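S.K.: Shown below is the structure under consideration.
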């Protein structure tokens with residue numbers, strides 16, 4: 004239980020912060036996170052870093068996958084829920100090089116942690132040596 008002195012000190016601190024233009028707010032996990040991005044990595048046999056990219060946007064729970072290089076390969080985003088839910092899958096973009104993302108609208112429980120990375124693919128084969136680092140974001 005807060006003492007009267009501590010309550011007064013906390014109230015005075017809030018007034019001073021307000022006068023300084025500092026805003027203190029409570030933000031939900033989905034509103035707190037921005038888009039998280041992931042990229043493919045280079046491989047010894049030819050692919051370069053960033054030949055493919057993907058993102059997850061918590062606001063609207065949207066995935067995007069883009070082929071960044073006209074090399075005849077596709078891009079796959081592999082995702083899973085690592086906390087606060089379950090599920091996983093693969094989102095394939097085999098349409099070739101494009102300057103825009105192919106998108107998918109998903110639905111996850113509030114606060115679920117979405118774990119994903121992107122890899123290059125060709126005719127259904129995922130080249131695991133091109134899979135980039137995983138990204139995590141709270142839905």
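In the numbering used here, the protein residues as written are 4 to 142.
Backbone N, C-alpha and C define an ideal beta-carbon position, used for all residues, glycine too.
Quick caveat, the model's predicted, so the values are computed rather than measured.
#1: Going by Cα to Cα distance, which pick from 38, 53, 39 and 60 is closest to residue 108?
#2: Within its chain, find whatever has a CB closer than 6 Å to the CB of residue 52; leave out the 5 residues flanking it on each side and keep chain order.
#3: Is residue 50 buried or exposed, if buried means 16 or more other CB atoms sit within 10 Å of its CB?
#4: Provide the residue(s) that pair with residue 96 in DSSP beta bridges, ordered along the chain.
#5: Between which two residues does the beta strand (DSSP E) harbouring residue 139 extend?
#6: Between 104, 99 and 118, which has its C-alpha nearest residue 84's C-alpha?
#7: Got a sec, what are the start and stop residues for the beta strand (DSSP E) residue 69 sits in?
#8: With H, G and I counted as helix, E and B as strand and the rest as coil, what does DSSP make of residue 102?
#9: Would you identify the three-state DSSP class for residue 132, choosing helix, strand or coil?
#10: Provide the residue span of the beta strand (DSSP E) that contains residue 42, from first to last.
#11: Taking 9 Å as the threshold (C-beta atoms), are residue 68 and residue 106 in contact?
#12: So what does DSSP say about residue 108, is it helix, strand or coil?
M.R.: This is what the structure holds:
#1: The option with the nearest alpha carbon to residue 108 is 60.
#2: Within the same chain, residue 52 has close Cβ partners 44 and 45.
#3: Around the Cβ of residue 50, a 10 Å sphere holds 16 or more other Cβ atoms; the residue is buried.
#4: 78
#5: 138-141
#6: 118
#7: 65-70
#8: coil
#9: helix
#10: 39-42
#11: yes
#12: Reduced to three states, the DSSP call for residue 108 is strand.
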